[in-house]
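There are 2 protein chains.
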Amino acid sequence: MKDTKTRIIESAIEIFGEDLSAPLQKVADNAAITRRTLHRYFADRNELVAVCRQEIESSCKKAMLRAIQSSNEPLVQLESMLYAGINCGSKYALFKRLHQDENHYHNPENKNCADYDAIFKAFHKIIIQLQIQGKVNPAMSPQWIQTLHMG
Amino acid sequence: MKDTKTRIIESAIEIFGEDLSAPLQKVADNAAITRRTLHRYFADRNELVAVCRQEIESSCKKAMLRAIQSSNEPLVQLESMLYAGINCGSKYALFKRLHQDENHYHNPENKNCADYDAIFKAFHKIIIQLQIQGKVNPAMSPQWIQTLHMG
DNA sequence: AAATAATGTCACACTTTTGAGAAAATTATA
DNA sequence: TATAATTTTCTCAAAAGTGTGACATTATTT
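In order, the protein sequences belong to chains R and P. So the first sequence is numbered by the numbering used here: it starts at 1 and just counts up by one. So the second sequence is numbered by the numbering used here: it starts at 1 and just counts up by one.
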């Protein structure tokens, strides 16, 4: 039986990835525990979301940066990023959601936001290079491909 | 001034696309009306969601099918689908969300579900063809590209 | 087996969300 | 301008969601 706290966090990431304002009961159900137990580990919703955010930042983000640094060849980089996205699974969905949330004021001073920006700048660059190399249809803008990729 | 009911539906699609359990007040705000007015057009949340679903099924889905039928050339088809996705805008996000929702029991008997399946079968086929033509890296599975595309 | 820690159950107060009635205010229409 | 339709305002009660205390139950450790 995995550590309860860990299981709660994983459940929360899964649930919040689909629905950021889902009732905590859902998270508890998903983790196969009581809501009361959940509240023993996390004082309130905000705390839980905050921990999820940290967990995501540290695991999902690292994977992305590693993928980018895995090669100098844009096509390989892109592929690595795709696989990194797969491996992150549902974390990726929440990663995106949290950085798009209206409550989240994006500010480049913040290290997390800076890293987030760095990832997508890198992504942008890769696409541009691929277009120069004629391997990607120039009609597809980096923005669109990025949106695609975030899905 | 656009028809109120229409505006409510569009607002709802926009809001629910980001957060399926967002309070109806948000939808009302987004439509620049009162919550009371919203309730005069839709008895309850479920009814509103249901109408959104219909709206999406009929507009977004049609666009996709049209895109697929626009050509016999897989690359052109893929491109058309991408643009169709862009044009559908936020509807696309909810389209996906609703068909993944846990409350939604996917059953191929249902016409909507069948159409949904048909779209992704077609998508799958296009990717396979592109891979055969050597225009897409075979390492990228159709499933992943599909997930990508859904974003 | 006894002590300890973790989880569950039930109850409670509190907040937010929901849905609807009644009447005033606004807007559209004849 | 008078009339009708629509929307807003204010109100309220019911429902759902949240967080916590007190105590019972179950697991784990010693």
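For glycine and all other residues, C-beta sits at the position ideal for the given N, C-alpha and C.
Counting only runs that start and end within the segment 98-139 of chain R, where is the alpha helix (DSSP H) found for 4 or more residues in a row?
Listed in chain order, they are 111-132.
Can you pull the chain R residues whose beta carbon is under 8 angstroms from the beta carbon of Asp19 (chain P), in chain order?
Under the 8 angstroms cutoff, chain R gives Asp19, Leu20 and Ser21.
Beta-carbon gap between Ser21 (chain R) and Asp19 (chain P) smaller than 8 angstroms:
yes
Beta-carbon spacing of Ile56 (chain R), Phe120 (chain R) below 8 angstroms:
no
Nearest to Asn30 (chain R) (by Cα), restricted to the options R:Ile9, R:His39 and R:Ala43
Ranked by Cα distance from Asn30 (chain R), the options R:Ile9, R:His39 and R:Ala43 are led by R:Ile9.
Using CA atoms only, rank isn't needed, just tell me which of P:Ser58, P:Gln69, P:Leu78 and P:Arg45 is closest to Ile127 (chain P).
Considering only alpha carbons, the answer is P:Leu78.
Can you give me the Cβ contacts of Gly151 (chain R) inside the same chain, cut-off strictly under 7 angstroms, excluding the 5 residues immediately before and after it?
Below a pLDDT of 50, predicted positions are generally treated as unreliable, and Gly151 (chain R), at 47, falls in that range; the measurement from the model is reported next regardless. In its own chain, leaving out the 5 sequence neighbours on each side, no residue places its CB closer than 7 angstroms to the CB of Gly151 (chain R).
With distances taken between CB atoms, is the gap from Val51 (chain R) to Phe16 (chain R) smaller than 8 angstroms?
no
Report back the beta-carbon spacing between Lys5 (chain R) and Tyr41 (chain R) to the nearest angstrom; my notes put them in contact at under 8 angstroms.
5 angstroms
With distances taken Cα to Cα, identify the nearest neighbour of Ile86 (chain P) among P:Asn110, P:Cys60, P:Val76 and P:Arg97.
P:Cys60
Give the DSSP-derived three-state secondary structure of Gly151 (chain R) in the structure shown.
Because the pLDDT at Gly151 (chain R) is just 47, under 50, the model does not fix this residue reliably, and the value given afterwards should be weighed accordingly. Note: Gly151 (chain R) maps to coil in three-state DSSP.
Kindly give me the distance between the Cβ atoms of His124 (chain R) and Cys113 (chain R), rounded to whole angstroms, as I take these residues to be in contact under 8 angstroms.
Actually they do not touch by this definition, with Cβ atoms about 16 angstroms apart.
In its own chain, which residues sit with a C-beta less than 7 angstroms from the C-beta of Arg53 (chain R), not counting the 5 before and 5 after it?
Leu98
Alpha-carbon to alpha-carbon, Lys111 (chain R) and Glu14 (chain R)
24 angstroms
Starting from Ile60 (chain R), follow the alpha helix (DSSP H) in both directions and report where the run begins and ends.
Looking at the sequence provided, one finds Cys at residue 60 (chain R) rather than Ile. From DSSP, Cys60 (chain R) is part of no alpha helix (DSSP H); its letter is neither H nor E.
For Thr34 (chain P), collect the residues of the same chain with a Cβ closer than 7 angstroms to its Cβ; drop the 5 residues on either side in sequence, then sort them by chain order.
Ala28
Every unbroken alpha helix (DSSP H) within the segment 22-57 of chain R, with a cutoff of 4 residues, ordered by chain
24-30, 35-41 and 45-56
Look at the alpha carbon of Met81 (chain R) and the alpha carbon of Ile68 (chain R), and state the distance between them as a whole number of angstroms.
Roughly 7 angstroms separates the two Cα atoms.
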